[in-house]
């Protein structure tokens, strides 16, 4: 089945957000270097990515590198990245791991109105001069554009269930 | 001191990202209704917001509401919101709670190249018909635009320090 085909129970919006999204504009600040060159070999999520035990590197473009000062003191990073190959109009989806269609906002699918993915990863090293941040794992294609990086902070980002 | 004035040690970029950001376009999917009408009364972070014990409501626009199906089964939500009043060019900042200037990517400041803020909040209720999601607290101004909402998942978003 094509990745652009709809599965049973899936619903597409009446208009594609890619055609009208214009409320604000984002600049890419770098890219993520991973070992995954095609979708077929790319892990489906961060659990799978970690199981493979292969590190990745975020590379921040030179223009923004002054913004890395102090990041070496942090343990974990929240990475926001743009899933540039994902369609944006599938508002109800039927993922293989679920038994029924589910709304996009109840899923972590890269297919969403604004295809911004989020991973919380371990920082292994920061080199401000080259803009490179080594991380433990990530689940995206090589060359995926970065929208933002933020420190993970236990005081606000921990969840008690 | 004006909020747009630079503090000691702060560094602005040579060009303002607001003037050239155009790598991808985002659509706002709703807004956040909070009790904070001015910056002066707005909590500075999620810890302060929680201490005040005042709930908030995310309101998803009608066009996107089918995407909420199934969210009622989740305990916590990751909210991405656009800090529309924040400047974007301050790459090194000197926050009051720190002793020295720090890079923006080591801070959770709303002032950043792409001013997307992130909070992980508790879901109190979801009403798909009205698009309203009640949450325990959040630290933004009333009317702040929403970029994305995602379920928080313990399997990928928990951090072990």
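Residue numbers (the working numbering), protein chains in the order written: chain V, 610 to 770; chain B, 610 to 770. The beta carbon of each residue, even a glycine, is placed where N, CA and C say it ideally should be.
>> My output table needs one value for residue 645 (chain V): the three-state DSSP class, helix, strand or coil.
In response: Residue numbering aside, residue 645 (chain V) sits at position 36 when the first chain is read from its first letter. Coil at residue 645 (chain V), not helix or strand.
> Of the residues that make up the segment 629-644 of chain B, which ones have a beta carbon closer than 8 Å to any beta carbon in chain V?
Replying inline: 629, 630, 631, 632, 633, 634, 635, 636, 637 and 638
>> Since residue 686 (chain B) and residue 744 (chain B) should fall inside the 8 Å C-beta cutoff, what is the C-beta to C-beta distance between them, to a whole number of angstroms?
In response: Within the second chain, residue 686 (chain B) is the residue found at index 77, counting from 1. Within the second chain, residue 744 (chain B) is the residue found at index 135, counting from 1. Contact between residue 686 (chain B) and residue 744 (chain B) holds: their C-beta atoms lie close to 7 Å from each other, under 8 Å.
>> Checking the sheet assignment: what are the DSSP bridge partners for residue 691 (chain V)?
In response: Within the first chain, numbered from 1, the residue matching residue 691 (chain V) stands at position 82. Paired residue(s): V:725.
>> Strictly under 8 Å for the Cβ-Cβ distance: is residue 701 (chain B) near chain V by that measure?
In response: Here residue 701 (chain B) is taken as the residue at index 92 of the second chain, counted from 1. At least one chain V Cβ lies under 8 Å of residue 701 (chain B).
> Can you name the residues that DSSP bridges to residue 621 (chain B)?
Replying inline: The residue labelled residue 621 (chain B) in the question sits at position 12 within the second chain. According to DSSP, residue 621 (chain B) bridges with B:699.
>> Please report the straight-line C-alpha distance between residue 674 (chain V) and residue 740 (chain V), rounded to a whole angstrom.
In response: Within the first chain, numbered from 1, the residue matching residue 674 (chain V) stands at position 65. Within the first chain, numbered from 1, the residue matching residue 740 (chain V) stands at position 131. The straight-line gap separating the alpha-carbon atoms of residue 674 (chain V) and residue 740 (chain V) is approximately 6 Å.
> Listing by chain order, which chain B residues have their CB less than 7 Å from the CB of residue 753 (chain V)?
Replying inline: In the first chain, the residue the question calls residue 753 (chain V) occupies position 144. Per Cβ cutoff of 7 Å: no residues; residue 753 (chain V) is ~12 Å from chain B at best.
> From what residue to what residue does the alpha helix (DSSP H) around residue 638 (chain V) run?
Replying inline: To locate residue 638 (chain V), count along the first chain from 1; it is residue 29. Unbroken run through residue 638 (chain V): none, as it is neither H nor E.
> Out of curiosity, what's the CA-to-CA distance linking residue 769 (chain B) and residue 691 (chain V)?
Replying inline: In the second chain, the residue the question calls residue 769 (chain B) occupies position 160. In the first chain, the residue the question calls residue 691 (chain V) occupies position 82. The straight-line gap from Cα to Cα measures roughly 26 Å.
>> Tell me which residue opens and which closes the alpha helix (DSSP H) that residue 765 (chain B) is part of.
In response: The residue labelled residue 765 (chain B) in the question sits at position 156 within the second chain. Residue 765 (chain B) -> alpha helix (DSSP H) spans 763-766.
>> Determine, for residue 687 (chain V), whether the minimum Cβ-Cβ distance to residues of chain B falls below 8 Å.
In response: As a working mapping, residue 687 (chain V) is identified with position 78 in the first chain. Yes, its Cβ sits closer than 8 Å to a Cβ of chain B.
> Is the segment 721-736 of chain B in contact with the segment 622-631 of chain V, if contact means three or more CB pairs nearer than 8 Å?
Replying inline: no
>> Considering only the alpha carbon of each residue, which of V:701, V:730, V:754 and V:721 lies closest to residue 747 (chain V)?
In response: Mapped onto the first chain, residue 747 (chain V) falls at position 138. Selected option, being the one with the closest Cα: V:730.
> Of the residues B:726, B:715, B:766 and B:704, which one's Cα is nearest the Cα of residue 615 (chain B)?
Replying inline: In the second chain, the residue the question calls residue 615 (chain B) occupies position 6. Per the Cα distances, B:704.
> Based on the DSSP secondary-structure assignment, which residues constitute the bridge partners of residue 720 (chain V)?
Replying inline: As a position in the first chain, residue 720 (chain V) is number 111, starting the count at 1. The partner list for residue 720 (chain V) (beta bridge, DSSP) is empty, contrary to what the question assumes.
> Applying the criterion that 16 or more other CB atoms from any shown protein chain within 10 Å of the CB defines a buried residue, is residue 708 (chain V) buried or exposed?
Replying inline: One-based indexing of the first chain puts residue 708 (chain V) at position 99. The residue is exposed, with fewer than 16 neighbouring Cβ atoms inside 10 Å.
> Can residue 642 (chain B) and residue 751 (chain B) be called in contact, C-beta distance under 8 Å?
Replying inline: Counting from one through the second chain, the residue named residue 642 (chain B) turns up at place 33. Counting from one through the second chain, the residue named residue 751 (chain B) turns up at place 142. Yes. Within cutoff.
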